[in-house]
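Numbering (our numbering), first residue to last: 7 to 567.
Remarks on the structure that follows.
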């Protein structure tokens, strides 16, 4: 099969027609995103209706004959198969490669954009080349819309989700746009080489800006890789901010048809920054250190109106940044780090974080060494997907698992669930909390106000993964939470708020099997926050119970996943 697109010459009327067709397909590229959004909304409505109907059918079947029982059993079989499919879609395609549902959605959406880029281009090579660029550029406004952090984001409101979930789709969108732009640039480069006009075209504004845009896009994609993000979050963040914003004026001058789309994207970026500014609080905070650890405890005073937003939503997180007076370097002033709210009182929130090598935590760590120091920080939020405690408390079994500092997410949920279940008169034995820490010192941040309560709890299990004589001082370098040792379990001589912990790593398989070993119709909720490796192991053990279509709610809290 021969290559169908040729270098053709067009008259002025034909070029005008080509411009109109390009604008038409670019517009279709932009508005067609409403189709999958609409389909998903219909799915949510249908799922809600089916859940209501299921509850009604169960009550009706209890009074009627065997025929209705057969219908419900058949419906239950379909439901279990659908749950298995859903669980499979929410699994990773490979370790560290992302979820299957995102890969499937990305392939389908890329295929659609590929169709829009080639349909009705005839044998016009330049039409094909320009179409790839226009279709890709028309995706920019939605791409920036996915990155909005403000709680007023239309997508956050529409899907009832969080910025952390949408940002994962933002990465998928960015990769698709980059592939289309690379194809666009490669087709032009092929023409320049074949026509021996590369030097000539490089002197033109459109070609120069296009080459710069593709180069910057490649750098942006490269620095967004997980390995780069883990190696240096500052490199990723600063490149993403500078290039992501700088690309818009470059594309604006690259081609006139792109000006509308780049203007839309820039307007969304500015709106997000303005709205986030109104949701930020700047003021002095109290920073203290947890002895013999690298953990910092920060108390942030807030107004009652702001406190209410945290009290109604446990396990939320905020973004913390330092003003120019607290850090050096322009780039460091732009950095903001997410930290989970570990506790909410009547007049302040408490953040518990591990001091890393970044400028924010290192600056706070320096202030912690000075007893009377009260650094000024910017706190933006709250953020995060709301955890519906009332719905969660209705599960037959609830398993909360945390590793290290991940307990800042699971502890607030545990206490909210305990309060809710006690109010409903439910058995607290259905609620279990598993927490693995490196040392008893690392758990001391929760003991100040909860010591008497902990002593009475039998559904809390704390595991200390390193012997007491291996604990290091605050100033010594310690491994990350990923380095939890596999010591043999034994009783620890030191208690944590009245609870005697075990030495060693928890046997997650036994814990999961015990949780799921009851009746197959019982619903189980599993929530996790902690080291990535621990999360993968826990998910693997839960997978075995999900294959048969067990009704399982799974949530893993991990920034940047």
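Every residue, glycine too, gets a C-beta built ideally from N, C-alpha and C.
Since the model is a prediction, treat every value here as computed from it, not as a measurement.
Return the chain-ordered ranges of every alpha helix (DSSP H) run that is complete within the region 198-230 and spans a minimum of 4 residues.
You should have 204-208, 211-229.
For residue 286, three-class secondary structure by DSSP
strand
Presumed contact (8 Å Cβ cut-off) between residue 89 and residue 557, rounded CB distance
Here residue 89 really is in contact with residue 557; their C-beta atoms are around 6 Å apart, less than 8 Å.
To the nearest angstrom, report how far apart residue 312 and residue 287 are at their CA atoms.
Linking residue 312 to residue 287 through their CA atoms gives a straight-line distance of about 9 Å.
Looking at the unbroken alpha helix (DSSP H) that takes in residue 21, where does it start and where does it end?
Counting along the chain, the unbroken alpha helix (DSSP H) around residue 21 starts and ends at 18-37.
Can you give the beta carbon distance from residue 341 to residue 240, rounded, assuming they're within the 8 Å contact cut?
6 Å
Could you give the distance in angstroms between the alpha-carbon of residue 275 and the alpha-carbon of residue 505?
49 Å
Integer-rounded CB distance, given that residue 470 should sit under 8 Å from residue 517
The pair is not a contact, with the Cβ atoms about 16 Å apart (cut-off 8 Å).
Can you tell me whether DSSP reads residue 513 as helix, strand or coil?
coil
If we count the other Cβ atoms within 10 Å of its Cβ and call it buried at 16 or more, is residue 526 buried or exposed?
exposed
Looking at C-alpha atoms only, which residue of 428, 410, 433, 437 is the closest neighbour of residue 452?
410
So within the region 267-317, which uninterrupted alpha helix (DSSP H) runs reach at least 4 residues, ignoring any that extend past its ends?
310-317
Measure the Cβ-Cβ separation of residue 257 and residue 269 and say whether it is below 7 Å.
no
Residue 221 classed as buried or exposed, judged by whether at least 16 other C-beta atoms fall within 10 angstroms
Its Cβ having fewer than 16 others within 10 Å, residue 221 is exposed.
Does the region 235-254 come within contact of the region 198-206, defined as at least 3 CB pairs closer than 8 Å?
no
Would you mind giving the Cβ-Cβ distance between residue 167 and residue 278, rounded to the nearest angstrom? I have them listed as a contact below 8 Å.
Not confirmed; about 16 Å, so no contact.
Local conformation of residue 632 per DSSP, three classes
As shown, the chain starts at 7 and ends at 567. That puts residue 632 outside it, with no answer to give.
What is the residue span of the alpha helix (DSSP H) that residue 119 lies within?
106-124
In the structure shown, what three-state DSSP assignment does residue 329 receive?
coil
Just list the alpha helix (DSSP H) runs in the region 349-427, keeping only unbroken ones of 4 residues or longer that don't cross its boundaries, in chain order.
365-374, 395-398
Is it buried or exposed, residue 482, if we count other Cβ atoms within 10 angstroms and call 16 or more buried?
In this prediction, residue 482 has a pLDDT of 39, which is less than 50 and means its spatial position is unreliable; nothing more can be read from the coordinates.
Keeping to the same chain, check which residues put their C-beta closer than 6 Å to that of residue 189; ignore five residues upstream and five downstream.
138
Taking 7 Å as the CB-CB cut-off, is residue 52 touching chain B?
You won't find chain B in this structure, because it holds only one protein chain.
Could you give the distance in angstroms between the alpha-carbon of residue 251 and the alpha-carbon of residue 435?
52 Å
With DSSP as the reference, label residue 167 as helix, strand or coil.
coil
So, for residue 36: in the same chain, excluding its five sequence neighbours on each side, which residues have a beta-carbon less than 6 Å away from its beta-carbon?
144
For residue 380, is the classification buried or exposed, using 16 other Cβ atoms within 10 angstroms of its Cβ as the cut-off for buried?
exposed
Check residue 321 in the structure and name its three-state DSSP category.
coil
Helix or strand or just coil, what does DSSP make of residue 479?
Only weak support exists for where residue 479 lies, its pLDDT of 37 falling under 50; the coordinates are left without a value.
Going by DSSP in three states, residue 53 sits in which element: helix, strand or coil?
helix
Restricting to Cα atoms, I'd like to know which of 543, 179, 545, 246 is closest to residue 152.
179
What is the rounded straight-line gap between the Cα of residue 522 and the Cα of residue 406?
14 Å
Do the CB positions of residue 370 and residue 293 come within less than 7 Å of each other?
yes
Inter-residue Cα distance where the pair is residue 433 and residue 466:
14 Å
With a cut-off of 8 Å on the beta carbons, I'd call residue 305 and residue 324 a contact; round off their distance for me.
Contact doesn't hold; Cβ gap of about 13 Å is too wide.
Grab me the residues of residue 360's own chain with a C-beta within less than 7 Å of its C-beta, minus the 5 sequence neighbours each way, in chain order.
300, 301, 411
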